[in-house]
Amino acid sequence: MKFDVCIIGSGAGGALAAYGLQNTLGNIAIIEKGDWAKRNQDPLFSLQHYYRDQGFIGGLGKGFIGIPTGEVVGGTTTINSGTCFETPESVIQEWKDQLHISIERSELEPHFETLKTLLSIHPVPEEKISIGNKLFRNGVEALGFTSPSPLNRDEKNCDGSGRCPFVCPNEAKQSTDVAILPLFLKKGGTLLTQTTVTHIQEEKNKVLLFCKDAQKKSLTVECKKLIISAGSLSTPILIRKNKLGTEWKKAGNGLTVHPAVKVLAQFKNPLYSSKGVPQAIGFKHPSFPYLSFEGVFTPPQLASLVLPLDGKSLDDWLLQYDHVASFGVLVKDRGRGTVRHYPGLGLFIHYPLHPKDFLDLVEGARFIGLAYLKAGAQKVVLPFSGSQNEFLDFNDLKEYDFGSLKPSQLYAMGFHPLGSCGIKRVVDENLKVYGSDRIFIADGSVVPSSLGVNPQITIMAFALRLANYLKRQLKSSDSDIRES
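In numbering that gives the first Met the number 0, the protein residues as written are 0 to 483.
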């Protein structure tokens, strides 16, 4: 099989690179390890079938941080919350000042505008905000802070099913499998699903991809240009395994994940928090600039996985789960991790939580608990094990000393792995792999540093920017041929 461009991965980076290149760079193929998601399945089914390693993958340091990613057509966009943030201006300035990266917001702005229209990005309407989000908002206001604001999401005709991270049942969330890939296929693009790239070989005039299909049959794909968009956990492994480019040994370094925790609150009356948009509002605390507070809610079927309790206490929370609300907080991480693959062990992620990030998350969890208690919660449970974590009284929680708490006691997740093949380390500012003439990367791995916000729009904008660069290259090449 021969193509002008091959793209490994169909998520935020891969799908948008294909979208931006189509009708310009000839025939394009996307190679995707996962399959199309089935709608209206139980959340447990989605976890088992559409998350890499059923969601049980994470980074080890002084504790464990789960890092869930999608292994499905659409990548992680199919199983994320749909929250959309443009790249913060402050982060772009950090790249310029600290990393000497010359990407300007003006370069990304047209792509942000394209994505707003393409993905139907808009704030969550009041009637779709879940009760758990509203109660947190009430508590924040009662504490005297500025009211949390609705978050921007990519959706059309959302019915508030509360299933965003477990495959939207009615295709309202505009993940790439809904909004982008059908357009790509309609225009003649090729999508190879359930196909795994096992080896990559760059030659003078082409790149060869050696693959296995769903039946484990061998398949060789040839292309003129290759874009690797396998995500921050898989892309560096492909780079290292195949020794692609001159800086392949740096691939897998610099991982950031936005460590995050959640707090659950139990109220007297039933809430049914699974109805409505689970990540509907966001809040920035003036005293904790590295923290971003966002709504979150785990469906009842998976509740036992997120409660840091056992025995009678766990039974109580599970039996009263209709009365439960929850909210989360993530940190713009100062720590960095590594991604490696070892024979006999497989993927290994080392991620030591930075001490300042740990302290911020503890205080972020305390704040969520205080907000819910202020809003009338009977009790809250904070994401700590081996320590007091249930509180019934506002002042008890406010004054409690968490000084003896250790990172290993934190129930944390890292939903946004980024930076493992960062710009100016593994790729140049045009996302071309250093030392390669034909291989590019377009996914979260190229993001140079922690964003502090959900990264989907940044990844997509980078992919569209790469598509424009490749189109300019083609135009320049055609011009040179005509002149000669």
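By construction, the Cβ of each residue, glycine as well, lies at the ideal position given by its N, Cα and C atoms.
Bear in mind the structure is a predicted one, so any value in this text is a computation, not a measurement.
Out of the options, which one is the CA nearest neighbour of residue i?
i           : options            : result
residue 288 : 298, 274, 20, 329  : 329
residue 5   : 28, 141, 340, 217  : 28
residue 408 : 456, 63, 292, 414  : 63
residue 49  : 279, 352, 215, 75  : 75
residue 177 : 235, 38, 197       : 38
residue 224 : 58, 435, 291, 404  : 435
residue 42  : 83, 390, 301, 273  : 301
residue 276 : 172, 61, 474       : 172
residue 433 : 70, 238, 131       : 238
residue 290 : 200, 388, 360, 217 : 360
residue 53  : 208, 298, 70       : 70
residue 294 : 216, 218, 474, 147 : 147
residue 149 : 47, 382, 81, 357   : 81
residue 367 : 175, 206, 389      : 389
residue 270 : 331, 128, 33, 60   : 128
residue 410 : 462, 426, 357      : 357
Can you list, in chain order, the residues of its chain with a C-beta nearer than 8 Å to that of residue i? Leave out the 5 residues immediately preceding and following it.
i           : result
residue 306 : 263, 313, 316, 317, 380
residue 465 : 16, 19, 226, 429, 430, 439, 441
residue 232 : 51, 56, 66, 68, 338, 346, 348, 416, 419
residue 87  : 450, 451, 452
residue 58  : 64, 66, 254, 256, 336, 348, 349, 350, 413
residue 266 : 134, 322, 323, 324, 375, 376, 377
Spatial neighbours of residue i within its chain, please: C-beta separation below 6 Å, excluding the five flanking residues on both sides.
i           : result
residue 478 : Legend: pLDDT at residue 478 = 47, less than 50; position of this residue unreliable, no value from coordinates given.
residue 91  : 104
residue 424 : 249
residue 467 : none
residue 120 : 83, 151, 153
residue 371 : 138, 264, 379
residue 35  : 72
residue 3   : 24, 25, 26, 223
residue 213 : 193
residue 45  : 165, 166
residue 198 : 209
residue 0   : 220
residue 33  : 70, 71, 72
From residue i to residue j, what distance separates their C-alpha atoms?
i           : j           : result
residue 257 : residue 230 : 15 Å
residue 355 : residue 85  : 25 Å
residue 112 : residue 342 : 44 Å
residue 220 : residue 25  : 15 Å
residue 164 : residue 79  : 5 Å
residue 94  : residue 8   : 26 Å
residue 481 : residue 281 : Bear in mind that a pLDDT of 38 at residue 481, under 50, signals an unreliable position, so the number given afterwards is only what the model happens to contain. Each residue's alpha carbon lies about 54 Å from the other.
residue 13  : residue 454 : 14 Å
residue 241 : residue 30  : 17 Å
residue 251 : residue 421 : 9 Å
residue 109 : residue 77  : 24 Å
residue 22  : residue 181 : 15 Å
residue 448 : residue 311 : 43 Å
residue 106 : residue 397 : 45 Å
residue 10  : residue 228 : 7 Å
residue 272 : residue 131 : 6 Å
residue 460 : residue 369 : 37 Å
residue 437 : residue 201 : 8 Å
residue 142 : residue 391 : 17 Å
residue 406 : residue 334 : 13 Å
residue 195 : residue 217 : 10 Å
residue 393 : residue 373 : 7 Å
residue 122 : residue 292 : 16 Å
residue 383 : residue 279 : 25 Å
residue 474 : residue 236 : 33 Å
residue 362 : residue 399 : 11 Å
residue 286 : residue 260 : 18 Å
I'd like to confirm the pairing. Which residues does DSSP put opposite residue i in its beta bridges?
i           : result
residue 152 : 82, 121
residue 424 : DSSP lists no partner for residue 424.
residue 456 : In the DSSP output, where bridge partners are listed per residue, residue 456 has none listed.
residue 292 : 282, 328
residue 413 : 258
residue 111 : According to DSSP, residue 111 bridges with nothing at all.
residue 337 : 349
residue 484 : With the chain running from 0 to 483 in the structure shown, residue 484 is simply not present.
residue 226 : 6, 439
residue 276 : 128
residue 11  : Beta-bridge pairing links residue 11 to no other residue.
residue 431 : 439
Which residues in the same chain have their Cβ closer than 7 Å to the Cβ of residue i, if we skip the five residues on either side of it in sequence?
i           : result
residue 385 : 408
residue 308 : 316, 380
residue 457 : 86, 446, 450
Kindly say whether residue i, judged by its beta-carbon, lies nearer than 7 Å to any beta-carbon of chain D.
i           : result
residue 136 : The chain inventory of the structure shown lacks chain D, comprising one protein chain alone.
task: Mind the definition here: the segment 95-111 touches the segment 242-262 only if three or more C-beta pairs lie below 8 Å; say whether that holds.
output: By the criterion of at least three beta-carbon pairs nearer than 8 Å, the segment 95-111 is not in contact with the segment 242-262.
message: Would you call the segment 184-196 in contact with the segment 147-160, where contact means no fewer than 3 C-beta pairs closer than 8 Å?
response: No, they do not touch.
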